[in-house]
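For reference, the structure discussed in these notes is given below.
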């Protein structure tokens, strides 16, 4: 059986079908799933717990099945890490399974980010001569590529074999240009391909749901580009070639303005930000002499979550509540991971807290 035959989860006809969409049913299921997310007040409680206490808490939560399933293979922090990854993959697979038609198609397109993440992870692993087990530790099988498929790819001896197995996929036109040394270039092209695919999924449709999906996507591009720009400026990078790292299609931020800011020093860049559409979100934490970008990135993530939740209330039977839930679930996993990793590294509580998005 060829590896390609194991790529797609579920029924491929269902996964690609458009038209009819069971939004009422899917959003009802999603509301029930979102009600099981950890409330905000949980995180301060977790901060006051030891690693063993956090582990017991997670074992008694919605992650119990995942912890129980993996307890024979892992323990401590490794157990929690793998349980979180497994739960995220199972959760998003469930979204694909409970949805039909257009909603299934849009969810699948959104989840391709995990397929791309996993392909990049496998290529990085081959580049660093990592073991199959080390590569699989970083895999999050939350897209359409199954864990079995990803395991088979990770077990390949060379990156050439990995790419050869992907020859009949949409990723191959980019991957075939990988020469073992230009990994950053390939990763950047895969990221751009992902967003191009999201816009293609909308397909110029005038339907409300596809317009909402497009707006949701464009705001995400704004946030991603702004974070990238901050990181470049903080690192002292002013080369215009860095514009290649930016994604086209933002909602409020135009690449022409980003190109104007690129040659500036960090201090000059900050002084020019008052006209940025997201200035009100970050203005009180931006300083010319700031030592860390954590506060800025946290604020932008919080803004994205709040915007998604707000749109979800306005359009309760649409793609938006589903996207809202996906963002919230990802954020919960991220927060739990930050806490458990921080505790394991003996970081100060204040250092851990500033990285949480609550």
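In UniProt numbering, the protein residues as written are 1 to 358.
For every residue, glycine included, the Cβ atom is placed at its ideal position computed from N, Cα and C.
For clarity, every value in this text was computed on a predicted model and none was experimentally measured.
Please go through the same chain and pick out, in chain order, the residues whose beta-carbon is closer than 6 angstroms to the beta-carbon of residue 51, but skip the five residues on each side of it.
-> Cβ neighbours of residue 51 beyond the five flanking positions: 343.
Is it true that the CB of residue 247 sits closer than 8 angstroms to the CB of residue 306?
-> In this structure, residue 247 does not lie closer than 8 angstroms to residue 306 by Cβ.
Identify the continuous alpha helix (DSSP H) that holds residue 32 and give its terminal residues.
-> Here the alpha helix (DSSP H) through residue 32 covers 23-34.
Residue interval of the alpha helix (DSSP H) (run including residue 202) = That run of the alpha helix (DSSP H) goes 183-202.
Spatial neighbours of residue 172 within its chain, please: CB distance less than 8 angstroms, with the 5 preceding and 5 following residues excluded, ordered by chain position.
-> For residue 172, where only same-chain residues beyond five positions count, the Cβ hits under 8 angstroms are 163, 166.
Looking at C-alpha atoms only, which residue of 229, 23, 135, 323 is the closest neighbour of residue 293?
-> Closest option to residue 293, Cα to Cα, is 229.
Pull up the distance between the alpha-carbon of residue 211 and that of residue 103, whole angstroms please.
-> Residue 211 and residue 103: Cα-Cα distance of roughly 13 angstroms.
Could you check which residue in 273, 122, 143 has the C-alpha nearest to that of residue 109?
-> When C-alpha distances from residue 109 are compared across 273, 122, 143, the shortest belongs to 143.
Do residue 355 and residue 333 come within 8 angstroms of each other at the CB atom, strictly closer than that value?
-> No, the Cβ-Cβ distance between residue 333 and residue 355 is not below 8 angstroms.
How long is the line joining the alpha carbons of residue 199 and residue 131, rounded to whole angstroms?
-> Residue 131 has its alpha-carbon roughly 36 angstroms from the corresponding atom of residue 199.
What first and last residue would you give for the alpha helix (DSSP H) that runs through residue 231?
-> 208-234 is the span of the alpha helix (DSSP H), which, as asked, contains residue 231.
If you draw a straight line from the C-alpha of residue 351 to the C-alpha of residue 286, how long is it?
-> Whole-angstrom Cα-Cα distance: 18 angstroms.
With a 10 Å radius around its C-beta and 16 neighbouring C-beta atoms as the bar for buried, classify residue 194 as buried or exposed.
-> Taking all protein chains in view, the Cβ of residue 194 is crowded by 16 or more other Cβ atoms within 10 Å, so the residue is classified as buried.
8 angstroms contact criterion, which residue 303 and residue 281 should meet: CB distance rounded = About 5 angstroms; that satisfies the 8 angstroms criterion.
Since I believe residue 87 is in contact with residue 68 (beta carbons under 8 angstroms), could you give me their beta-carbon distance rounded to a whole number of angstroms?
-> With 8 angstroms as the limit, residue 68 and residue 87 do not qualify as a contact, their Cβ atoms being about 12 angstroms apart.
How long is the line joining the alpha carbons of residue 152 and residue 175, rounded to whole angstroms?
-> About 17 angstroms.
Is the distance from the Cβ of residue 233 to the Cβ of residue 269 below 8 angstroms?
-> With contacts defined as CB atoms closer than 8 angstroms, residue 233 and residue 269 qualify as a contacting pair.
Can you tell me which of 219, 266, 345 puts its alpha carbon nearest to the alpha carbon of residue 320?
-> Among 219, 266, 345, the Cα nearest to that of residue 320 is on 219.
CA-CA distance, residue 90 and residue 277?
-> C-alpha separation (whole angstroms): 36 angstroms.
Residue 342 - containing alpha helix (DSSP H), residue span = Counting along the chain, the alpha helix (DSSP H) containing residue 342 begins and ends at 319-344.
Please state whether DSSP places residue 107 in a helix, a strand or coil.
-> Correct three-state label for residue 107: helix.
Just mark residue 196 as buried or exposed, buried being the case when its beta carbon has 16 or more other beta carbons within 10 Å.
-> So residue 196 ends up on the exposed side.
Over the uninterrupted alpha helix (DSSP H) stretch that includes residue 120, give me the two end residues.
-> That run of the alpha helix (DSSP H) goes 112-127.
Going by CA-CA distance only, name the one from 77, 79, 105 that's closest to residue 322.
-> For the residues 77, 79, 105, the minimum Cα distance to residue 322 belongs to 105.
Quick one: residues in its chain with C-beta nearer than 6 angstroms to the C-beta of residue 1, no 5 flanking neighbours on either side, listed in chain order?
-> Confidence is the limiting factor: at residue 1 the pLDDT is only 36, short of 50, which leaves the residue's position unreliable and the question unanswerable from this model.
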